[in-house]
Each structure stands twice: as structure tokens, then as C-alpha cells.
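Inspection log for the structure reproduced underneath, given as C-alpha cells.
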Amino acid sequence: MTAQVAIATTKPAARALLIDITRCIGCRACASACKETHGFPGDGSETELSAVTYTVVLDKGQDRYVRRMCMHCQDPSCASACPVGALHKSILGPVTYDAAKCLGCRYCMVACPFSVPKYEWRSATPMVRKCDMCTERVQKGELPACAEVCPVEATVAGTRDGLLAEAHRRIAESPGQYHPVVYGEYEVGGTSVLFLSPVPFEELGFKVLGREPLPSLTWAALERVPGIVTIGGAGLFAIWWITHRREEVAQAKASTRGAGGSGGGGQP
Amino acid sequence: MTRFRRPGFWAGLLYLLLLVGAGILVVRYTRGLGAVTHLSDAFPWGLWVGFDVLCGVGLAAGGFAITSAVYLFNIKRLEPIVRPTILTAFLGYVLVVVALLFDLGRPWNIWHPLVMWNPRSVMFEVSWCVTLYLTVLFLEFAGMVFERLRWKRALVAQKATVVPLVIAGAILSTLHQSSLGSFYLIVPTKLHPLWYTPLLPLMFFLSAFAVGFAVVIVESRLSARATGHRLEMPILMEVARALLAALSVYAVARVYDLADRGVLAEAFRATPEAGLFQLEFALGVALPIALLLHARVRHNTRVLYGASLLAILGFVANRLNVSITGLERSAGVSYVPAWPEFVITLMLVGVGFGLFRLAVTYLPVYPPGPSPVFLEVPAKT
Chain Y
38 MTAQVAIATT KPAARALLID ITRCIGCRAC ASACKETHGF PGDGSETELS
88 AVTYTVVLDK GQDRYVRRMC MHCQDPSCAS ACPVGALHKS ILGPVTYDAA
138 KCLGCRYCMV ACPFSVPKYE WRSATPMVRK CDMCTERVQK GELPACAEVC
188 PVEATVAGTR DGLLAEAHRR IAESPGQYHP VVYGEYEVGG TSVLFLSPVP
238 FEELGFKVLG REPLPSLTWA ALERVPGIVT IGGAGLFAIW WITHRREEVA
288 QAKASTRGAG GSGGGGQP
Chain C
83 MTRFRRPGFW AGLLYLLLLV GAGILVVRYT RGLGAVTHLS DAFPWGLWVG
133 FDVLCGVGLA AGGFAITSAV YLFNIKRLEP IVRPTILTAF LGYVLVVVAL
183 LFDLGRPWNI WHPLVMWNPR SVMFEVSWCV TLYLTVLFLE FAGMVFERLR
233 WKRALVAQKA TVVPLVIAGA ILSTLHQSSL GSFYLIVPTK LHPLWYTPLL
283 PLMFFLSAFA VGFAVVIVES RLSARATGHR LEMPILMEVA RALLAALSVY
333 AVARVYDLAD RGVLAEAFRA TPEAGLFQLE FALGVALPIA LLLHARVRHN
383 TRVLYGASLL AILGFVANRL NVSITGLERS AGVSYVPAWP EFVITLMLVG
433 VGFGLFRLAV TYLPVYPPGP SPVFLEVPAK T
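Chains Y and C supply the protein sequences, listed in that same order.
Sequential numbering of the first sequence, starting at 38, is according to our numbering.
Sequential numbering of the second sequence, starting at 83, is according to our numbering.
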């Protein structure tokens, strides 16, 4: 607990989590504390995220346990996808959700590379549900429930920079124990939830993702919009002007000749 | 509905669909989407997005292609089909918005994108484009209403705005037809490589542009039965030529893109995706092109309609592959729509046909009586 607080108090604002798979004993205290904090049914033994399960602990065999939860991306796909900004990367670190803005299009669920946001399918006024890194607790100066309750400091909270330094320190200190990569340092532009593992992350079911934030892929299309509007508008107007001018000229010629020309412009 | 060959059958079917649909909607709005659909956390978008929205918007693309051809490119021969295509597009978009009201989890907030801006969101752009384009289509459609009501001043005002409206419509359509493809740019790890390409927006635009012409051809046949007006062969051939050209451009772009990304071999593997791609491309793109070449040579209307129908089915297959089947492998689950999803979809299609019929009966969609461009066929009773 003390070491955790030391990291956490370096800068209580920008919040991140470091999850060390080599330390996790699979007790699922994090998952059940999460349930309790949010008042959700269940005991933390679930194996899939849902509208009432924000984190799960998956048993990958050989005494390896992997937590699954919102990664709180630095440049979140969900927040870029949301047409109304109901999902938002807060300066505190967590990606938060505002149901009052949401129209329920569920593009966030489609867009998330980790398939994290879940939905209240059986509700007449459904909301998108996912981990918000205990924003309410953090605002009160408390730790996220999962980090607070972990008995072995497998999940610790702190600033992202602080936790990255800590992660690399652990790798450098015992290189044999760790796969020398911090998952989340660069994935999809970086995440606020970081993982350390004894083996390559693919072996534990982590998604292999590039370094590019995914919102840049849709932005590549969106940034062309102003050009299409201006050039397209001018181009179409020019076409209209030319075709109708051609017709006027044809009609004028026809009338000077005194013949009743049909004035059929356009393409052959 | 008296002029249908089997009076009452289609109307009866529509009433039945409306009745069952209303019941489904009551359940949907009281117990949530999960009560009437097979949507899930692993599969948040299903038939209502894949067909009702993506296909609905795409199939209405004829509206901007034909109006641009006539008013901007001055291809006057196509003038007789302007009104039916505007009507189709207008009804298509109205139904897309209705479908959205069913599919959105919190539909009372549907107007939010107009005031809560997130310009980084493709959904935001599409919301604006669809809102603006629906307005454009409404104003284009209003001309028919004004004419029917003999509101001369309104009609004159409406006619004066046609060119700016058509230009706005063409740009808005270009933007959001392609943006429906841009939706999926953000899922490079989820969508199968046969469909995921950085050129998704271009592919969506090209295929929608092509299928718009196919819809015009099929619709002309359907409305010939309903109204007794049949399109003249030269006009139909002109549209068929446009369809052939547009579909060929799409086919070349699609194959070139697959080859360029080095995934052409994926199309010939023994995977479900490869089978679906072959179905989509061989039956829905290559075969219609071959048939259209034949129809052009032979002036065979049957072949022409068949080819157009295939192109429409190929288009639908493509949209469903992008939005549903191409995502199944990564989702790890298979999605088959629940029966209420089918009923609501059929209901919307039925309402579309019903409204089209009402409109051609009561509005000057087709010029009255014999006209130089329409052949009068005896009304079937």
C-alpha cells in the first residue's frame, strides 16, 4: 500500500494504472471491489465484460491472470467516433461517458479496438457502460477501487509517466522475469492502462496493435471534406455554366439562321 | 391499390407487417433493443444498420446522379426520370431516418449532433449530411406538391432554386455516401481484409453511384406496372449505359485495390469470407456487367432488368458483408437477425413501396396522358 501511495501522490491529477501480470495471484479482489463500488450484481468471478462488469480477471493457465478493462487510450477511438462527444478523454486520464448527450448510435462499441464499451440491451433508456477509472473516487482524492484493494500491488495507480518509468525500472531490474515491453506504452498511440507480462502479450490474448492512434484513420477521410465541398461546388457550378452557355450559344445561332433548331445541348 | 394484378394481396401484406411491426416497436421501446433483436455487446450493429441504413442510403443514390445529369450536365433526355428518382431518394431517406429512430438507443437525442459538435467523428459528419440532404430532397420533392396544389408562386420560387439545390445535393451525397464507408476505417483489426481498405470511402461512393442507376431501371419497371407509364427504350438504354460504365469503374477499382493490398489470394481461400466475397462480386458485379453488355447489344429489357436486380443484390451483399459478416470472425460470434428485425425491415420496405404508389397516384410524378417520352400501356385491371 505504501509504495502505491508514493507513486500515486507524485501528481494526483493525471491518473493511470499499471497492471503487473507477474505479480497477480488471481484473487479477483479487484473485480469484486469494482462490483461493490458501482453497486453491480455479481462477485467478480465473471469472464466477460458487460454493462454490470467493468473488469474481469481471466485465468490464462500456468498461474497467469490477465485483467480486462477499459484501456483509457490517450487518443480514444470511442471518443473520436462519438458524434456528440458523449465519450471524452478527461484531463484526469479516464475516458468518461455522459449519458445525457448520448443518442445510442453505438459507434463507440464498433470503433473500440479492445471491444470494451458495453450496452444496456434490456433497458428502454440504455446507456453505454464501461470502466471510468473510478472518476468519482479519484476526484475525492481516493484511488481507483481495483488499485486500492489489490493485496499484492499487481494493479497500482499513478501518473502515466510515473508508471511507465516504474514499469521500465522493473524490466531493467529483473530482465529474466519480464517480457521487455510495456503494453499500452505505444499501442494505438498509448493507453492509460499499462501492462507488464512474463511472456509476449499475444500469448496471453492481447491484441497486436500498431502505434498509430486509430482516429487518424477516419480523420484521413474527414479532413478531405472542406476540399470536396469547395472544389466540388465550384466544379459542378462550372459544369452547369458551361453546358447552359453552350445551349444558349446554340440557340442564338439557330435563331440567327432563322431555323427552328431543337437546341439539344448536352453530351452526344 | 386497385390496379395491382392481385388487388389486395400486397396491401394486405403491408397492413399485416404494420400491425406486427407496431407490436414489435411497443416491446422495443419499453423493454429495450435486446428484447426484439439479436444485437449484443459483441455485435452492436445488425440488420437495421447494415440493411435499413447502409443499403437504404446507397439505393437512394440515383437521386443525385440523375438530377446532376439533367440539371448540371444538361442531359435533357433523362428529364422524364428526374421526378421518380427524386421521389425514390426522398422516400428512401425518410425511411432511413425512421429506421434510425428504431435503432438508436436514445432516439429522443437524435438531434444532438446538430448542437453538440464533434468534428472528428464520421457519425457527426453523416448526421449533418443526412439532415441537410433530406432538406434538399424535401425542397426538390416540394415542387411536385406545389404543382399538384397549383401554388404558382411557390412553384416559381422552387424552380429558381433548383440548380443550387442540385449542386448541394450532389456534394452532400458524395460526402455521406463515402462516409458510410469511412465508418469502418476505424476498425482495421476487426474487419476482414477482403473488405477493409483505406479506400473504403471511395468504394462506398463508387458502388452507391452505380447502384443508383440500377434502382432507376428496376423502379421504372415497377412503376410501369403501377401507373401504366412505361419508359421509352432510349432512356432505359441511356441509364443502362451509365450503370454499365459506373459498375465497371467500381469493379476495376475493387479488384485493383485487392491486388494492390496483396489480398487477392484471400478471395480464393476456402473461408466463409472468400465464399461471400465471390458471391458478392461474381453475381453482383461481374455477371451484371456481362449481362449489360449483352442487353446493350440486344436491347433486351428482360436481361436489362435482371442485370439491374443482380447489381442491387450485389450492392446489398457488399454492405452486409462490410457491416455484418466481415466482422463476425473478429467478434468471435455469429449474428443472425432475430425475426422482429426482419419484420421491421420488411415493414419499412413495404411502407416505401406503399408511399411511392400513393405519391405516383396523387402527385404529378409522371406527366399526365400520352407524352413524347412515355409510352402509354393499357392499364391492367
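Just so you know, even glycine gets a beta-carbon here, dropped at the ideal spot from N, CA and C.
Predicted model, so just to flag it, every value in this text is computed and none were measured.
Contacting residues, own chain, Cβ-Cβ under 7 angstroms from residue i (five flanking each side not counted)
{"i": "Leu247 (chain C)", "result": "Val218, Leu221, Glu222"}
{"i": "Leu346 (chain C)", "result": "Leu340"}
{"i": "Leu177 (chain C)", "result": "Gly138, Leu430, Val433, Gly434"}
{"i": "Ala322 (chain C)", "result": "Ile299, Leu374, Ala377, Arg378, Leu386"}
{"i": "Leu437 (chain C)", "result": "Leu173"}
{"i": "Gly414 (chain C)", "result": "Ala124"}
{"i": "Ile148 (chain C)", "result": "Leu160, Ile163, Val164, Thr167, Val298"}
{"i": "Val89 (chain Y)", "result": "Phe77, Pro78, Gly79"}
Endpoints, the beta strand (DSSP E) within which residue i is located
{"i": "Thr213 (chain C)", "result": "Looking at the DSSP string, Thr213 (chain C) is not in any beta strand (DSSP E); the run it does join, the alpha helix (DSSP H), is 204-231."}
{"i": "Val5 (chain Y)", "result": "The requested residue 5 (chain Y) is not part of the displayed model; chain Y covers only 38 to 305."}
Distance, residue j Cα to residue i Cα
{"i": "Ala473 (chain C)", "j": "Phe228 (chain C)", "result": "Residue 473 (chain C) falls outside the range modelled here, since chain C spans only 83 to 463, and no answer is possible."}
{"i": "Met203 (chain Y)", "j": "Lys177 (chain Y)", "result": "Checking the sequence shown, residue 203 (chain Y) turns out to be Glu, not Met. So the alpha carbons of these two residues sit roughly 25 angstroms apart."}
{"i": "Gly140 (chain C)", "j": "Arg248 (chain Y)", "result": "34 angstroms"}
{"i": "Ser152 (chain Y)", "j": "Pro166 (chain C)", "result": "43 angstroms"}
{"i": "Asn400 (chain C)", "j": "Ser255 (chain C)", "result": "19 angstroms"}
{"i": "Ile62 (chain Y)", "j": "Pro163 (chain Y)", "result": "35 angstroms"}
{"i": "Phe238 (chain Y)", "j": "Cys71 (chain Y)", "result": "24 angstroms"}
{"i": "Arg105 (chain Y)", "j": "Glu224 (chain Y)", "result": "15 angstroms"}
{"i": "Gly396 (chain C)", "j": "Thr228 (chain Y)", "result": "40 angstroms"}
{"i": "Ala290 (chain C)", "j": "Ser260 (chain C)", "result": "9 angstroms"}
{"i": "Ser117 (chain Y)", "j": "Asp342 (chain C)", "result": "29 angstroms"}
{"i": "Leu121 (chain C)", "j": "Val109 (chain C)", "result": "15 angstroms"}
{"i": "Thr267 (chain Y)", "j": "Glu285 (chain Y)", "result": "27 angstroms"}
{"i": "Gly301 (chain Y)", "j": "Ala242 (chain C)", "result": "Because Gly301 (chain Y) sits at a pLDDT of 41, beneath the cut-off of 50, its placement in the model cannot be relied upon, and the point is left open."}
{"i": "Thr255 (chain Y)", "j": "Gly269 (chain Y)", "result": "21 angstroms"}
{"i": "Thr84 (chain C)", "j": "Arg312 (chain C)", "result": "With a pLDDT of only 45 at Thr84 (chain C), under the threshold of 50, the placement of this residue in the model should not be trusted, and no figure is reported."}
{"i": "Lys234 (chain C)", "j": "Ala252 (chain C)", "result": "27 angstroms"}
{"i": "Val425 (chain C)", "j": "Val102 (chain C)", "result": "8 angstroms"}
{"i": "His381 (chain C)", "j": "Ala161 (chain Y)", "result": "54 angstroms"}
{"i": "Pro126 (chain C)", "j": "Arg232 (chain C)", "result": "48 angstroms"}
{"i": "Ser253 (chain Y)", "j": "Lys126 (chain Y)", "result": "16 angstroms"}
{"i": "Val447 (chain C)", "j": "Val165 (chain Y)", "result": "45 angstroms"}
{"i": "Asp185 (chain C)", "j": "Arg101 (chain Y)", "result": "40 angstroms"}
{"i": "Gly105 (chain C)", "j": "Leu183 (chain C)", "result": "16 angstroms"}
{"i": "Leu95 (chain Y)", "j": "Gly366 (chain C)", "result": "44 angstroms"}
{"i": "Gly144 (chain C)", "j": "Val152 (chain C)", "result": "12 angstroms"}
Residue range of the alpha helix (DSSP H) that includes residue i
{"i": "Thr112 (chain C)", "result": "91-113"}
{"i": "Val147 (chain Y)", "result": "144-148"}
{"i": "Gly116 (chain C)", "result": "That residue, Gly116 (chain C), is in no alpha helix (DSSP H); it is neither H nor E in DSSP."}
{"i": "Leu54 (chain Y)", "result": "Unbroken run through Leu54 (chain Y) is the beta strand (DSSP E), 53-57; no alpha helix (DSSP H)."}
{"i": "Arg283 (chain Y)", "result": "262-294"}
{"i": "Tyr444 (chain C)", "result": "421-444"}
{"i": "Lys241 (chain C)", "result": "234-242"}
{"i": "Leu241 (chain Y)", "result": "Run containing Leu241 (chain Y): none; DSSP gives neither H nor E here."}
Sequence-distant residues of its chain with Cβ nearer than 6 angstroms to residue i (five each side left out)
{"i": "Arg261 (chain Y)", "result": "none"}
{"i": "Asp57 (chain Y)", "result": "Ala191, Leu233"}
{"i": "Gly225 (chain C)", "result": "Gln240"}
{"i": "Thr172 (chain Y)", "result": "Pro131, Thr133"}
Local conformation of residue i per DSSP, three classes
{"i": "Asp185 (chain C)", "result": "helix"}
{"i": "Ser405 (chain C)", "result": "helix"}
{"i": "Phe232 (chain Y)", "result": "strand"}
{"i": "Ala368 (chain C)", "result": "helix"}
{"i": "Asp342 (chain C)", "result": "helix"}
{"i": "Ser390 (chain C)", "result": "helix"}
{"i": "Val218 (chain Y)", "result": "coil"}
{"i": "Asp324 (chain Y)", "result": "Residue 324 (chain Y) falls outside the range modelled here, since chain Y spans only 38 to 305, and no answer is possible."}
{"i": "Tyr156 (chain Y)", "result": "strand"}
{"i": "Arg351 (chain C)", "result": "coil"}
{"i": "Gly451 (chain C)", "result": "Unreliable positioning characterises Gly451 (chain C) in this predicted model, as indicated by a pLDDT of 45, which lies under 50. The coordinate reading is nonetheless provided below. Coil."}
{"i": "Arg312 (chain C)", "result": "strand"}
{"i": "Met319 (chain C)", "result": "helix"}
{"i": "Lys158 (chain C)", "result": "helix"}
{"i": "Phe172 (chain C)", "result": "helix"}
Cβ shell of residue i (< 8 angstroms), same chain only, five flanking positions each side left out
{"i": "Tyr387 (chain C)", "result": "Ile299, Val300, Arg303"}
{"i": "Pro275 (chain C)", "result": "Arg343, Val345, Glu348"}
Paired residues, beta bridge with residue i - DSSP
{"i": "His125 (chain Y)", "result": "Y:Thr133"}
{"i": "Thr90 (chain Y)", "result": "Y:Ser87"}
{"i": "Leu254 (chain C)", "result": "In the DSSP output, where bridge partners are listed per residue, Leu254 (chain C) has none listed."}
{"i": "Val165 (chain Y)", "result": "Y:Tyr156"}
{"i": "Leu95 (chain Y)", "result": "Y:Val103"}
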